[in-house]
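The structure appears below as structure tokens.
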Amino acid sequence: MSTAQDRQENKLAIANFAVAIAAFGIGALMAMMQALSRADFDIPLRSPKVYYVSVTAHGVLMGLVFTTFFIMGLGLVIVRSVLKEDIAPRLGWASFWIALFGTLMTTVAILSGTSTVLYTFYPPLQAHPTFYIGATLLVVGSWLWCVIMLDAARRWRRDQPGTPLPLPLHGMIATVIVWLLATSGLAIESLGMLIPWSLGWVDTIDPVLARTYMWWFGHPLTYFWLLPAYVIWYTILPRVAGGRLFSESLTRMVFMLFVLFSTPVGLHHQFTDPGIPASWKLAHTFSTYVILFPSLVTAFTVIASLEVAGRMRGARGLFDWLLKLPWRDPFFASVALAMLTFAVGGFGGAINAAYAMNTMVHNTAWIMGHFHLTVGTAVALTFMGATYWLLPRLTGRELMFRRLALSQPYLWFVGMVLFGMTNHLTGVLGMPRRVYSAAYEGAPQAQAWQSWTHLSAIGGIILFASSLAFLIVVIATFTLGRRGERQPIRYALPLAAPMTERGLWDRFLIFSIIAVALIAIGYYPPISHLLELERFGSLPFKPF
Amino acid sequence: MSASHVNVYEKIWIALAAVMIACFLGALSVAAGLHAVHPPSHVETIDPVLVRTDSPYATPEVIYHPDGLTEVIARVEMFRFLPAVIRVPVGRPVRFRMTSPDVIHGFQVVGTNANVMVIPGYVSDFTTTFPNAGEYLILCNEYCGLSHHQMQAKLIVEPTSEGELP
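Here the protein sequences come in this chain order: A and B. Heads up: the first sequence begins at 372 in the working numbering, then just goes up one per residue. Heads up: the second sequence begins at 8 in the working numbering, then just goes up one per residue.
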């Protein structure tokens, strides 16, 4: 491993993080404008056109660009740190440029106002072809990254036959498989339906079929976001906290359960859709609850690992280990607050999956509140914290404005409590999501939620302040940070001796095959049922 | 604690998690199996091009059947609900049948469990009862274009004496 190679590898990971963080910055600005608009504050440039363009941009930039590029960067860092060798740098750069080109294509399409279809892009709303083609290229770029990750696993197996993958790589390989399973649905929708239709090669499209493929992708997408956060919680957090990973074998099981069950659950996003029999919605409800299980196990293992840390730092009592933890470390504070938020958000998810209760909150602000606690905090705040941890290790520069960095996760937490809780509340009152204004001409029902939207807007402003703090720290560190000794990337050791032999939960190939079979069982009947109907396609509409 | 040996507290936690999930699924199964609690899942297709001209939805209306059932034939389109004012009796079954001639919309009666997707090419059909009289806000909860937030209508649930139809 030469220093030149070392720098080269870091550059690629840093390039991925840079795109992720730039997307985050733009998305954050859009977000504050939306929170103010929904509360009916007349801010400059406010118009329905600008609002819906910004919702589309926020969803795509945060949900697809920030997350995907960050995860790709994290994966490359992990491969580099566990294999101690250079992996296909050319393929890595090809992946980066293709994904970036696609991202720019889609972003231009959105900002031009010709593709205001939101990040769910439900047809027959029709975007400009470059919106779909760009998004597809982003995914194609990520697939090349998947090849690098799988090749890394292959190299490990080749060089250390019989030993399990190091835990961080185990988690990232699970992420890669979930992503490949998820994006297969998106590829069918995009290549088979959306792109030909947007280019005018076919006249009509079936909106229910498109939604079904969309959610085949859309729900495991959330685990593609979550699993890298789990990798950080399991393998980096205990070390930063000064402790050990409580149970390695259960950690391996948790990741594999996500490989198995993350995909055949998507119909729970289509509970109130016509055209899909209730029996299949119920089947997907069952698998949705099964996927709750690995997250419950995670709650125990991660908290137990933190208790171990507190005790290794000298705690004796029942709860004083909590106070011994490094709450003044920006990484630790970010991840701990992210996990706390996830506990609430996760239970919200269990409510959403129960379809009688779902009827009360479907498409309301509740759902928006839910995923801002989960992806918007559990994942995003973890990634922000991880950035504070990674930057000095990747660039050799010391973190700048440490106090600002420390205040940032607490600001985010306060902002998200206000924003998330008010949106859960107004959702229960019936306020819909994604509206330019929630005033409804002064209808009494709307008046009940109007004052809460002001609180939500305050939350939005605090979240924006937190985002600015994050951007300032990152940019200052990257450009002005004092060069010091580059700290090594090290992962938490398990409490017991590390596992040395491959076990049941290390068999990715077998579990991937079972996962494909479960997807076939979960999706073949409802999709073939749809295809057998006498269906009438929809012509395109562009009401934006 | 050895590597392959799972800690006893962890075992208890896993068992509790499994029991909790089993309870959730049990409750859902009982509701679905014994009480027929299902989400709206009607399967019926329609040509969206003909919805405005040659379908029951060309003339949206509320039909009061002699057996006490109220049937609402609604057209949900950019950016309005037709009929714009729907009157139904309190405490009696109301069957909604609706479709869209253009893009996807949401039909939500605020403060009730009436909440369904309206998708072009498909007919949404569900029956519910409104136990409380009053004026309700109907709104679209799926983004459908630049005037999405202005798409609203009124549901008036009228008190009726026993045996009398509105």
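Just so you know, even glycine gets a beta-carbon here, dropped at the ideal spot from N, CA and C.
Residue i by DSSP, collapsed to three states: which one?
| i | result |
| --- | --- |
| A:R771 | Strictly speaking, residue 771 of chain A in this sequence is Met, with Arg absent from that position. In the structure shown, A:M771 sits in coil (DSSP, three-state: anything other than H, G, I, E or B). |
| A:E872 | coil |
| B:P96 | strand |
| B:G141 | strand |
| A:P803 | strand |
| B:D132 | strand |
| A:M755 | helix |
| B:K195 | The requested residue 195 of chain B is not part of the displayed model; chain B covers only 8 to 173. |
| B:A10 | Because the pLDDT of B:A10 is 42, which lies under 50, any placement of that residue in the model is unreliable, and the question is left without a value. |
| A:N723 | helix |
| A:V431 | helix |
| B:Q115 | strand |
| A:M372 | Because the pLDDT of A:M372 is 41, which lies under 50, any placement of that residue in the model is unreliable, and the question is left without a value. |
| B:P173 | Since pLDDT at B:P173 reaches only 48, below the 50 mark, its modelled position is unreliable, and no value is offered. |
| A:F412 | coil |
| A:L616 | strand |
| A:V479 | helix |
| A:S808 | coil |
| B:N190 | Residue 190 of chain B is absent from the structure shown; chain B starts at 8 and stops at 173. |
| A:S486 | coil |
| A:P865 | strand |
| B:V125 | strand |
| A:R857 | coil |
| A:F626 | helix |
| B:F31 | helix |
| A:R417 | coil |
| A:F915 | coil |
| A:V904 | According to the sequence as given, residue 904 of chain A is Leu; it is not Val. DSSP places A:L904 in coil when its eight states are reduced to three. |
| A:Y493 | coil |
What residues match up with residue i in a beta bridge as DSSP calls it?
| i | result |
| --- | --- |
| A:I392 | Paired residues: none, contrary to the question. |
| A:S555 | BP columns for A:S555 are empty, so no partner. |
| A:S909 | A:I576 |
| B:M105 | B:A81, B:S131 |
| B:E189 | Lying outside 8 to 173, the shown extent of chain B, residue 189 of chain B is not represented and no answer is given. |
| A:T735 | A:P803 |
| B:L146 | B:Q115, B:Q159 |
| A:R529 | In DSSP, A:R529 forms no bridge with anything. |
| B:L23 | None, per the DSSP bridge assignment. |
Output, in chain order, the set of chain D residues within a Cβ distance shorter than 9 Å of residue i.
| i | result |
| --- | --- |
| B:T60 | In the displayed structure, chain D is absent; the protein chains listed are A and B. |
Let me check you understand the geometry: is the CB of residue i closer than 8 Å to at least one non-hydrogen atom of the ligand PLP?
| i | result |
| --- | --- |
| A:T438 | What this structure holds is no ligand at all, so the ligand PLP is not there to describe. |
Kindly confirm or deny that the stretch 747–755 of chain A and the stretch 811–821 of chain A touch, where touching means at least three C-beta pairs closer than 8 Å.
-> Because the criterion of three Cβ pairs below 8 Å is not met, the stretch 747–755 of chain A and the stretch 811–821 of chain A do not touch.
Residues of the stretch 125–151 of chain B with Cβ closer than 9 Å to any Cβ of chain A, in chain order = V125, I126, P127, G128, Y129, V130, S131, D132, F133, E142, Y143, L144, L146, C147, N148, E149, Y150, C151
Please list the residues of the stretch 467–490 of chain A that have a C-beta atom closer than 7 Å to any C-beta atom in chain B, keeping them in chain order.
-> L489
Residues of the stretch 639–661 of chain A with a CB closer than 9 Å to any CB of chain B: list them in chain order, please.
-> Q641, F642, T643, D644, P645, G646, I647, P648, A649, S650, W651, K652, L653, T656, F657, Y660, V661
Interface residues of the stretch 92–112 of chain B facing chain A [CB-CB below 7 Å] | D109, V110, I111
Taking 8 Å as the threshold, find out whether the stretch 473–489 of chain A comes into contact with the stretch 505–517 of chain A through three or more Cβ pairs.
-> yes
If we count Cβ pairs, one from each stretch, closer than 8 Å, do we get three or more for the stretch 75–84 of chain B versus the stretch 14–25 of chain B?
-> no
Three-pair Cβ contact test at 8 Å for the stretch 94–104 of chain B versus the stretch 60–77 of chain B = yes
Inter-stretch contact at 8 Å, needing at least 3 Cβ pairs: the stretch 560–572 of chain A / the stretch 515–533 of chain A = no
Pairing CB atoms from the stretch 99–119 of chain B with CB atoms from the stretch 785–793 of chain A, are three or more of them under 8 Å?
-> no
Take every Cβ of the stretch 573–582 of chain A, pair it with every Cβ of the stretch 643–662 of chain A, and state whether three or more of those distances are shorter than 8 Å.
-> Yes, the stretch 573–582 of chain A is in contact with the stretch 643–662 of chain A.
Identify each residue in the stretch 779–797 of chain A for which the Cβ-Cβ distance to at least one residue of chain B is less than 9 Å, and report them in chain order.
-> Listed in chain order, the positions of the stretch 779–797 of chain A with a beta carbon within less than 9 Å of a beta carbon of chain B would be empty, since no residue qualifies.
The stretch 886–900 of chain A / the stretch 623–634 of chain A touching (three or more Cβ pairs under 8 Å) = yes
Taking any Cβ of chain B, which residues in the stretch 711–738 of chain A have a Cβ under 9 Å from it, in chain order?
-> A721, A724, A725, Y726, A727, N729, T730, M731, V732, H733, N734, T735
Is the stretch 49–67 of chain B in contact with the stretch 122–141 of chain B, if contact means three or more CB pairs nearer than 8 Å?
-> yes
Looking at C-beta atoms only, is the number of pairs between the stretch 463–471 of chain A and the stretch 412–428 of chain A that lie closer than 8 Å three or more?
-> no
Answer yes if the stretch 692–704 of chain A comes into contact with the stretch 651–663 of chain A, meaning at least three C-beta pairs across the two stretches below 8 Å, and no otherwise.
-> no
May I have a chain-ordered list of the beta strand (DSSP E) segments no shorter than 3 residues that lie completely inside the stretch 642–689 of chain A?
-> none
Ranges of the alpha helix (DSSP H) found wholly within the stretch 34–63 of chain B, counting only runs of at least 4 | none
Compile a chain-ordered list of the residues in the stretch 798–816 of chain A whose CB is closer than 9 Å to at least one CB of chain B.
-> From the stretch 798–816 of chain A, only L800, G801, M802, P803, R804, R805, V806, Y807, S808, A809, A810, Y811, E812, A814, P815, Q816 have a Cβ closer than 9 Å to chain B.
Going along the chain, which residues of the stretch 903–914 of chain A sit with their C-beta nearer than 8 Å to a C-beta in chain B?
-> L904, E905, R906, F907, G908, S909, L910, F912, P914
Closer than 7 Å, Cβ to any Cβ of chain B: which residues of the stretch 410–425 of chain A, in chain order?
-> For the stretch 410–425 of chain A, which is checked against every Cβ of chain B, the residues closer than 7 Å are P419, K420, Y423.
Pair every Cβ in the stretch 33–52 of chain B with every Cβ in the stretch 151–171 of chain B, then say whether three or more of these pairs are closer than 8 Å.
-> no
Interfacial residues, the stretch 660–680 of chain A to chain B, with Cβ spacing under 8 Å = Y660, V661, L663, F664, L667, V668, F671, T672, A675
Are the stretch 708–715 of chain A and the stretch 732–749 of chain A touching, with three or more C-beta to C-beta distances below 8 Å?
-> Between the stretch 708–715 of chain A and the stretch 732–749 of chain A, the count of C-beta pairs closer than 8 Å reaches three or more; the two stretches touch.
Relative to chain B, which residues along the stretch 546–577 of chain A have a C-beta separation below 7 Å, given in chain order?
-> Residues of the stretch 546–577 of chain A with a C-beta less than 7 Å from any C-beta of chain B: D577, listed in chain order.
What residues from the stretch 68–89 of chain B come within 7 Å of chain A, judged by C-beta to C-beta, listed N to C?
-> M85
Note down, in chain order, all residues in the stretch 612–640 of chain A with a beta-carbon under 8 Å from any beta-carbon belonging to chain B.
-> For the stretch 612–640 of chain A, residues whose beta-carbon sits nearer than 8 Å to a beta-carbon of chain B comprise F617, S618, E619, S620, L621.
Touching or not, the stretch 387–402 of chain A and the stretch 441–450 of chain A, by the rule of three or more beta carbon pairs under 8 Å?
-> yes
Kindly confirm or deny that the stretch 734–745 of chain A and the stretch 800–809 of chain A touch, where touching means at least three C-beta pairs closer than 8 Å.
-> yes
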